[in-house]
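There are 2 protein chains.
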Amino acid sequence: MTLGFEVLARDGKARRGRLVTAHGVVETPVFMPVGTAATVKAMTPEGVAATGARLVLGNTYHLMLRPGAERIAALGGLHRFMNWSYAILTDSGGFQVMSLAKLRKIGEEGVTFRSHLDGSAHLLTPERSIEIQRLLGADVTMALDECTPYPSPREAVEASMELSMRWAERSRRSFVERPGHGIFGIVQGGVHPDLRLRSVARLIGIGFDGYAVGGLAIGEGQAATFAVLDATVPALPPDQPRYLMGVGKPADLVGAVMRGVDMFDCVLPTRSGRTAQAFTRHGVLNLRNAGHADNPAPLDAECRCPACTGYSRAYLHHLCRSGEILGAMLLTAHNLRYYADLMAEMRQAIEKGGLADFAAAFAEAQARPQQESGEWVEDQR
Amino acid sequence: MTLGFEVLARDGKARRGRLVTAHGVVETPVFMPVGTAATVKAMTPEGVAATGARLVLGNTYHLMLRPGAERIAALGGLHRFMNWSYAILTDSGGFQVMSLAKLRKIGEEGVTFRSHLDGSAHLLTPERSIEIQRLLGADVTMALDECTPYPSPREAVEASMELSMRWAERSRRSFVERPGHGIFGIVQGGVHPDLRLRSVARLIGIGFDGYAVGGLAIGEGQAATFAVLDATVPALPPDQPRYLMGVGKPADLVGAVMRGVDMFDCVLPTRSGRTAQAFTRHGVLNLRNAGHADNPAPLDAECRCPACTGYSRAYLHHLCRSGEILGAMLLTAHNLRYYADLMAEMRQAIEKGGLADFAAAFAEAQARPQQESGEWVEDQR
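These protein sequences, in sequence, are chains Z and G.
Taking our numbering, the leading residue of the first sequence gets 193, the next gets one more, and so forth.
Taking our numbering, the leading residue of the second sequence gets 193, the next gets one more, and so forth.
So this is what it looks like as structure tokens:
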């Protein structure tokens with residue numbers, strides 16, 4: 193047995209599922225905090241788990257360059273290295289090679305590039321990417337794909353997708369089956385429904401433990417993202433997990449769950465936590481705004497995170513203005529808890545067959561003029 | 193009743209004591225983590241308490257400038273603002289005015305200066321310093337003093353000390369007595385025993401709840417610091433707490449406890465935690481050293497802090513090299529735990545009458561060539 197996945201309930205296209213990995217059970221739909229360099233930035237693993245997270249993402253590109261996959265393997269694997277006993281999904285490295293590495297050159301064999309850290313030369317092939325992810329000990333491995341920039345000519349998107357499909361086949365062949373471990377293929381094809389469907393068919397032909405939709409949230413806009421999902425997701429196997437990579441804002445998650453997506457990752461909650469942004473059920477607050485300076489209220493009175501149960505907005509404002517690390521720690525904890533709670537609420541709504549109502553209430557609360565609620569007025573200044 | 197203080201045991205000049213404040217009991221000798229801007233940097237209050245700390249220091253200078261003493265008072269005081277339910281000692285602001293503020297001008301009335309943050313003009317008098325500390329809600333308030341630079345001509349040190357004594361009298365007069373709250377005077381006089389003793393006599397004449405030794409650890413060296421303590425501490429009241437300000441390295445703490453000091457504060461453990469330095473019973477480790485990269489051992493196998501119980505040196509090295517916030521979080525937690533454990537061990541040793549033996553063993557362990565213990569060798573590279 194590889195990964196286990198079970199759909200427990202359906203509500204329209206949305207699914208309430210359960211992923212069973214070598215490092216525990218993950219309830220879906222799920223948001224995965226991003227642990228780029230073997231740490232979810234500004235968080236302890238205990239703090240990450242306290243948000244409700246049971247699955248985090250690790251970045252192959254970053255880890256292969258520093259500290260190195262073989263080193264992590266010698267130290268007992270990524271779980272032990274970063275003291276995270278729950279599940280880990282690793283990406284393939286493809287996306288960061290395209291966005292971060294220097295002098296990259298893509299060929300049939302793979303990608304040659306130079307490290308953005310020290311300029312050292314590397315070759316990332318499908319086989320090497322899968323090997324690295326095995327050395328890290330990922331519960332969920334991702335096939336290596338090429339991420340086509342947006343916008344690109346259709347011919348370029350098509351050629352890139354076809355290359356990614358050949359890499360997907362090599363990735364699948366290289367993957368070593370182990371109990372509780374699995375490999376996902378990645379659908380490419382830009383914003384072109386026919387290319388996306390061709391990619392889906394190729395991946396299903398190869399056969400994966402789950403299917404990701406890649407190459408989105410790179411500037412095409414939410415409407416285009418959702419249109420691709422509308423065209424793509426129904427063609428995916430109904431009994432396997434679906435993962436929308438690199439997405440997104442809270443409203444993106446709600447819309448994608450309604451379109452049948454089970455898994456997400458994004459740096460937004462963690463990165464925002466380091467830039468004084470807090471997600472709440474009434475939208476995003478910028479804690480640097482002077483209007484918070486005297487406000488004794490918590491960020492969100494309904495939230496049970498450490499930031500909301502222990503501190504005023506005035507204090508969080510002070511920390512952010514003073515550049516204190518605790519500000520990043522508390523806001524990151526809050527944002528991850530917000531994302532985890534949002535997913536938990538959607539799971540409940542699906543179980544009750546009430547996701548559409550939930551989504552409508554969510555959209556209304558996010559759009560509600562903040563003046564209607566006295567405590568939000570300061571953000572209008 | 194103001195502050196309570198009881199000497200429970202003596203061992204030579206060293207004392208095992210207990211300070212009773214409005215926010216709980218503090219066992220002495222004690223090290224106070226520094227919470228400059230209403231946060232012990234890179235730590236949650238829960239994390240600070242988990243190191244064993246029951247008393248932290250807040251900086252009047254920083255807090256008066258940002259977010260402002262009246263604002264903190266309106267928000268319920270510093271304890272509530274920073275979510276710290278144990279005791280707080282605040283300094284008077286004098287030291288930071290001298291070291292950080294711009295265009296400062298000292299007169300009989302007080303110090304005028306411009307904020308290092310925004311250039312705004314301020315006047316800090318003894319009366320205003322005490323008022324600020326009352327607004328913050330400090331359990332232990334410090335009298336305003338002038339910190340004479342080292343070295344300075346004797347005449348300058350004498351004049352400065354006399355000014356500080358006049359300020360001490362005004363500080364004492366301004367202090368509002370409240371149960372569990374107290375005010376400490378600060379002995380000045382540089383490295384001159386006769387000036388120090390004159391300062392002690394002046395302060396005792398005024399009458400304080402405790403006595404600090406100030407103006408040390410500013411470049412005079414450990415031998416000179418200890419010589420001042422040897423000349424000064426025996427003249428202090430035997431039944432009141434003694435606080436050596438801004439000290440110090442672990443060996444400084446051991447030597448000062450042996451000379452009868454009860455309380456300490458220093459940024460060293462927290463600042464070092466943000467610069468990859470870890471204090472251990474065998475000296476200081478620099479976690480940036482490449483020699484740690486493959487080391488699966490913890491920082492200190494005997495330490496019960498989160499860094500030592502959950503992570504390898506290899507991982508801490510990786511975090512420090514990658515500039516990850518978690519590196520600062522874990523090393524700060526470790527260093528504060530190291531300091532807290534060192535103080536707890538000294539308290540135990542005093543109770544058993546074994547402080548001299550403890551100090552000898554401490555000095556030997558710190559000086560032991562690291563080659564003798566295989567796991568320390570890498571720091572010789």
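All C-beta atoms, glycine included, are put in the ideal place defined by N, C-alpha and C.
Please read all numbers here as calculations on a predicted model, not as lab measurements.
- In terms of beta-carbon proximity, proline 488/Z lines the interface with chain G, with at least one pair separated by less than 7 Å.
- Assignment of arginine 208/G by DSSP, reduced to helix, strand and coil, places it in the strand class.
- Against chain Z, the beta carbon of tyrosine 503/G has neighbours under 9 Å at Phe273, Met274, Asn275, listed in chain order.
- Counting only Cβ-Cβ distances below 8 Å, arginine 263/Z has contacts in chain G at Ala485, Asp486, Ala506, in chain order.
- In the three-state DSSP reduction, asparagine 251/Z falls in the coil class, being neither helix nor strand.
- By the neighbour-count definition (other C-beta atoms within 10 Å, threshold 16), glycine 411/Z is an exposed residue.
- Counting along the chain, valine 368/Z sits inside no beta strand (DSSP E), nor does DSSP assign it H or E at all.
- Per DSSP, the continuous alpha helix (DSSP H) segment holding asparagine 527/G begins and ends at 517 to 543.
- If you check the CB distance, threonine 317/G and glycine 302/G come in under 7 Å.
- The alpha-carbon of methionine 224/G is positioned some 56 Å away from that of leucine 421/Z.
- Residue contact check for lysine 205/Z against chain G: no CB pair falls below 7 Å.
- Contact with chain G is absent for histidine 314/Z, since none of that chain's Cβ atoms lies less than 7 Å from the residue's Cβ.
- Each residue's CA atom was taken as its position, placing proline 498/Z and leucine 511/G some 24 Å apart.
- The beta-carbon distance between glycine 286/G and tyrosine 342/G, rounded to whole angstroms, is 15 Å. This is too long to meet the 8 Å contact definition.
- In this structure, the beta-carbon distance from tyrosine 435/G to alanine 404/G falls below 7 Å.
- Rounded to the nearest whole angstrom, the CA to CA distance from alanine 393/Z to histidine 373/Z is 23 Å.
- DSSP lists Gly209/G as the beta-bridge partner residues of threonine 220/G.
- Look at the beta carbons and you see the region 235 to 249 of chain G not touching the region 490 to 497 of chain Z: under three pairs across the two are nearer than 8 Å.
- The beta-carbon distance between methionine 521/Z and alanine 234/Z, rounded to whole angstroms, is 5 Å. This is short enough to meet the 8 Å contact definition.
- From the beta-carbon of arginine 513/G, the residues of chain Z found nearer than 9 Å are Arg258, Pro259.
- Here the alpha carbon of isoleucine 378/G sits roughly 7 Å from the alpha carbon of alanine 335/G.
- A straight-line Cα-Cα distance of about 10 Å links asparagine 478/G and glycine 465/G.
- DSSP places glutamine 432/G outside both helix and strand once states are collapsed to three, so it counts as coil.
- For the set Ala548/G, Asp331/G, Val240/G, the Cα lying nearest the Cα of leucine 523/G is the one of Val240/G.
- Assignment of leucine 316/Z by DSSP, reduced to helix, strand and coil, places it in the strand class.
- By the Cβ-count criterion, arginine 326/Z is buried, with 16 or more other Cβ atoms from all chains shown falling within 10 Å of its own Cβ.
- At least one C-beta of chain G is nearer than 7 Å to the C-beta of leucine 518/Z.
- Annotation: the region 319 to 398 of chain Z contains the following complete segments of the beta strand (DSSP E) (minimum length 3 residues), in chain order: 332 to 334, 374 to 379.
- Less than 7 Å separates the beta-carbon of valine 199/G from that of arginine 207/G.
- Here the C-alpha atom of valine 439/Z lies approximately 5 Å from the C-alpha atom of cysteine 458/Z.
- Contact annotation for leucine 267/Z against chain G: Asp486, Pro488, Ser504, Ala506, Tyr507 [CB-CB distance below 8 Å, chain order].
- In the three-state reduction of the DSSP assignment, aspartate 444/Z falls in the helix class, which pools H, G and I.
- Methionine 437/G is not a Cβ neighbour of valine 222/G, given a cutoff of 7 Å.
- Comparing alpha-carbon positions, the option among Ile398/Z, Leu445/Z, Arg463/Z, Arg388/Z lying closest to alanine 427/Z turns out to be Arg388/Z.
- Checking the DSSP bridge columns, you'll see glutamine 414/G has no partner listed.
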